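Taking it in order: structure first as structure tokens, then the write-up.
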Amino acid sequence: MITLDRLVNVLGSYGVRLRWSSVPRSTELRSVVLHEATPVGPVTGDVLLAVDAGTCEQALEWAESARAVVVLVRDRVVPSSFDTKGGPGAVLVVEESLSWSELAAVAYGLVLEGRETESGRGPTDLFALTDSLADAIGSAVVIHDRLLQVLAYSRLQQDADPARVQTILGRQAPERVREFFEAAGVFAHLAASDEPLFVPGDAQYGVTGRMVVAVRSGRELMGSLWVECGAPLDGAARAALADGAHTVALHLLRSRASADLERQVESELVIELLEGSADAARLTSRLGVPDGPLRVIALQASIGADRDAPLLLAFDRATAGFGWSRPGRSALVGSTIYTLLPGDEAGPARRWVAGLQAALSRGATVAAGISGAAETSDLACARQEADECLGLHKVTTAGPPPIYDESWDDILLQRLRAASRSGRLPDRGPVAELRRHDAANGTEYLATLRAWLAAQGDPAEAGERLGVHENTVRYRMRKMAEITNLALDDAKKRLAMMIQLAATDAD
């Protein structure tokens, strides 16, 4: 079984487009057929490949007789408008350059994978696998990924200890339990060995005892398989645990292969949108993004000097779960992850960033920027806003990620400072001359001018800002007028000096 959403996303990279749909993209599809008449009637199935259909009407008739939910038909036979009454729930058009043979292979492969999943052999049906392992071992089983997040767990959890209950409910190992296993050397063992390891229980942490084995593909640690037990497993149970780790690795590899294809399709579509595609409506439809404003999130991750591994792990987390199981659509461009998140409010975007950071390893540093709400036609500008907010967050990593709506003034000042560093500010004029005088004579005229302008010419308020008497401010202003032409009675020159001061103010 697969969903219409996944079918559209995957086939989209081959040259198939969703032309019309009256059913949700979460609609489940379980079979693929060709138009064929048999002695007992037409072949029926959920997805019909309308090979050699001469007209759109003929393709729709075939779909109706096959009881198909989705029909795939050549683009050339589909008119600009057509009547689908009594026909399928969705029409997908196929480009001329794509052969039916290639399309059939991909479509059948997708559905075949779905059937295997339903029968307990598919790449994502780890729950059925944990049930089988629990029956063979005789105890509850949980599969974790590399970060101790729960991928699947067996039915036999009635007598689970407190640590196991918290882990399953929270979908990841609690911090205290993680620290207990780290102190017991579990993670070091998993990184170096394929042999099962027994971890004695500890009532203080709510752990009755665990047997754990690495889930590995070649040299890569993909996760771990955990069994709740009060004593080390031996004999058939230990052998079943070791064999189960190999089986889980195969499932995860197949799941990754399927996920990588969808990530590639998704990334290409997101990048097109961020680059300002003229066909934004088609791209958002293929991505399954709802109509309405979007926010662009730009995110970078690192652990110390290591930027590659944390970034890839963050992208893996950002794209974990496909179709309707997550709100955002993401792409990895260089060293930055870009995510399109539906919604006008900024709160969900900040929560999304916080959730992603919580899913990374301890010690990971995440910097992010969030654009203002934008329509699909304005996503290129929103990407620039997100990039600039990201740059602002990298300078001031404390606090939540900046949002353009709230930080546009800081962004403007950041642009001015960038212009200043490139030598695009004047070397002469009141501000430059006072700066040189301060450097040569140890005076504080520039700070006094900044305070005076901020106080709108009120010497008392300026004195409070500087921590000096207002007469000191008046004296300094007179001396400054002797050094340079301030022209404080000219509103345009006052504004220019405020801008130049802001551009060179590191605060």
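Numbering follows the UniProt record's numbering, in which position 463 of the sequence shown is assigned residue number 463; successive positions increment by one, without gaps.
Every residue, glycine too, gets a C-beta built ideally from N, C-alpha and C.
Computed from a predicted model, the values in this text were never measured in an experiment.
Q. E28 bridges to which residues according to DSSP?
A. Translated into positions along the sequence shown, residue 28 becomes position 28. Per DSSP, T3.
Q: Starting from S65, follow the alpha helix (DSSP H) in both directions and report where the run begins and ends.
A: For the purposes of this step, residue 65 is identified with residue 65 of the sequence shown, where counting begins at 1. Where S65 is concerned, the enclosing alpha helix (DSSP H) stretches over C56 to S65.
Q) Hey, would you say A237 sits closer than 9 Å to S139, going by beta carbons? A) For this step, residue 237 is matched to residue 237 along the sequence shown. For this step, residue 139 is matched to residue 139 along the sequence shown. In contact: A237 and S139 (Cβ atoms closer than 9 Å).
Q: May I ask you to list the residues that DSSP assigns as paired with Q264?
A: The residue given as residue 264 occupies position 264 in the sequence shown. Answer by DSSP bridge pairing: none, since Q264 is not bridged.
**Q.** Complete runs of the beta strand (DSSP E) confined to the stretch 237-322 [at least 3 residues]
**A.** 294-302
**Q.** As assigned by DSSP and simplified to three states, the class of R219
**A.** Numbered from its first residue, the sequence shown carries residue 219 at position 219. Residue state, collapsed to three classes: coil.
Q) Buried or exposed: which applies to K463, given that a residue is buried once 16 or more other Cβ atoms fall within 10 Å of its Cβ? A) In the sequence shown, counting from the first residue as 1, residue 463 sits at position 463. Sequence check: residue 463 is Gly here, not Lys. Burial call: buried.
Q) Pick from R435, G355, A380 and E375: whose alpha carbon is nearest that of P401? A) Indexing the sequence shown from 1 puts residue 401 at position 401. P401 has its Cα closest to that of G355, out of R435, G355, A380 and E375.
Q) What separation, rounded to the nearest whole angstrom, lies between the Cα atoms of L133 and A368? A) Your numbering for residue 133 matches position 133 in the sequence shown. Your numbering for residue 368 matches position 368 in the sequence shown. The alpha-carbon atoms of L133 and A368 are separated by roughly 41 Å.
Q.
Please report the straight-line C-alpha distance between A331 and Q264, rounded to a whole angstrom.
A. To locate residue 331, count along the sequence shown from 1; it is residue 331. To locate residue 264, count along the sequence shown from 1; it is residue 264. Whole-angstrom Cα-Cα distance: 8 Å.
**Q.** L253 versus T376, M222, H437 and R295, residue with shortest Cα-Cα distance
**A.** In the sequence shown, residue 253 corresponds to position 253, counting from 1. Answer by Cα proximity: M222.
Q. How long is the line joining the alpha carbons of R210 and G230, rounded to whole angstroms?
A. Reading the sequence shown from its first residue, position 210 is the one you call residue 210. Reading the sequence shown from its first residue, position 230 is the one you call residue 230. Whole-angstrom Cα-Cα distance: 7 Å.
(Q) Check whether the stretch 35-48 and the stretch 286-295 are in contact - that is, three or more C-beta pairs closer than 8 Å. (A) no
Q.
Here's the rule: buried if 16 or more other CB atoms are within 10 angstroms of the residue's CB, otherwise exposed. What is E272?
A. Working through the sequence shown from its first residue, we reach residue 272 at position 272. Per the 10 Å Cβ criterion, buried.
Q | Start-to-end residues for the beta strand (DSSP E) that takes in I370 | A | Position 370 of the sequence shown, counted from the start, is the residue given in the question as residue 370. Run containing I370: T365 to I370, per the beta strand (DSSP E) assignment.
Q.
With a threshold of 6 Å on Cβ separation, who are the neighbours of R383 within its own chain once the five nearest residues in sequence on each side are excluded?
A. Numbered from its first residue, the sequence shown carries residue 383 at position 383. Closer than 6 Å at Cβ, skipping near neighbours: L274 and V296.
Q. Is it a yes or a no for the stretch 427-445 touching the stretch 474-483, going by three-plus beta-carbon pairs under 8 Å?
A. Contact holds between the stretch 427-445 and the stretch 474-483, because three or more Cβ pairs, one in each stretch, are under 8 Å apart.
Q: Please name the residue, chosen from C56, W62 and R67, that lies closest to residue 510 on a Cα-to-Cα basis.
A: Any property of residue 510 remains undetermined from this structure, which presents the chain solely from 1 to 507.
Q: Measure how close the beta-carbons of P53 and V73 come, nearest whole angstrom, since I'm counting them as under 8 Å.
A: For this step, residue 53 is matched to residue 53 along the sequence shown. For this step, residue 73 is matched to residue 73 along the sequence shown. Correcting the residue type first, residue 53 is Ala in the shown sequence and not Pro. About 6 Å separates the two Cβ atoms, so the contact holds.
(Q) Between which two residues does the alpha helix (DSSP H) holding T167 run? (A) Within the sequence shown, residue 167 is the residue found at index 167, counting from 1. P162 to G170 is the extent of the alpha helix (DSSP H) around T167.
Q) Assuming V301 and L360 make a contact with CB atoms under 8 Å, what is their CB distance in whole Å? A) Translated into the one-based positions of the sequence shown, residue 301 becomes position 301. Translated into the one-based positions of the sequence shown, residue 360 becomes position 360. The sequence given here has Ala at residue 301, not Val. 6 Å between Cβ atoms; contact.
Q) Cα separation between R164 and V142? A) Translated into the one-based positions of the sequence shown, residue 164 becomes position 164. Translated into the one-based positions of the sequence shown, residue 142 becomes position 142. Rounded to whole angstroms, R164 to V142 spans 9 Å at the Cα level.
Q. The beta strand (DSSP E) spanning P200 covers which residue range?
A. To locate residue 200, count along the sequence shown from 1; it is residue 200. First-last of the beta strand (DSSP E) with P200: L197 to D202.
Q) Out of curiosity, what's the CA-to-CA distance linking L495 and L488? A) In the sequence shown, counting from the first residue as 1, residue 495 sits at position 495. In the sequence shown, counting from the first residue as 1, residue 488 sits at position 488. Going from the Cα of L495 to the Cα of L488 covers about 10 Å.
Q. From E388, A491 and S99, pick the residue whose C-alpha is nearest to that of L299; which is it?
A. Taking the sequence shown and counting its residues from 1, one reaches residue 299 at position 299. Closest by alpha carbon: E388.
Q: Report all residues from its chain with a CB closer than 7 Å to the CB of S377; omit the five preceding and five following residues, and keep chain order.
A: On the sequence shown, residue 377 is found 377 positions in, with the first residue counted as 1. Correct list, in chain order: A280.
(Q) Looking only at its chain, what residues have a beta carbon closer than 8 Å to the beta carbon of V8, apart from the 5 residues adjacent to it on each side? (A) As a first step, residue 8 must be located in the sequence shown, where it is residue number 8. Cβ within range, chain order: V16, L18, R25, L92, R286 and G288.
Q: Could you pull out every residue in the same chain whose Cβ sits closer than 7 Å to the Cβ of L313, ignoring the five residues on either side in sequence?
A: Start at 1 with the first residue of the sequence shown, and residue 313 comes out as number 313. The answer, listed in chain order, is L360.
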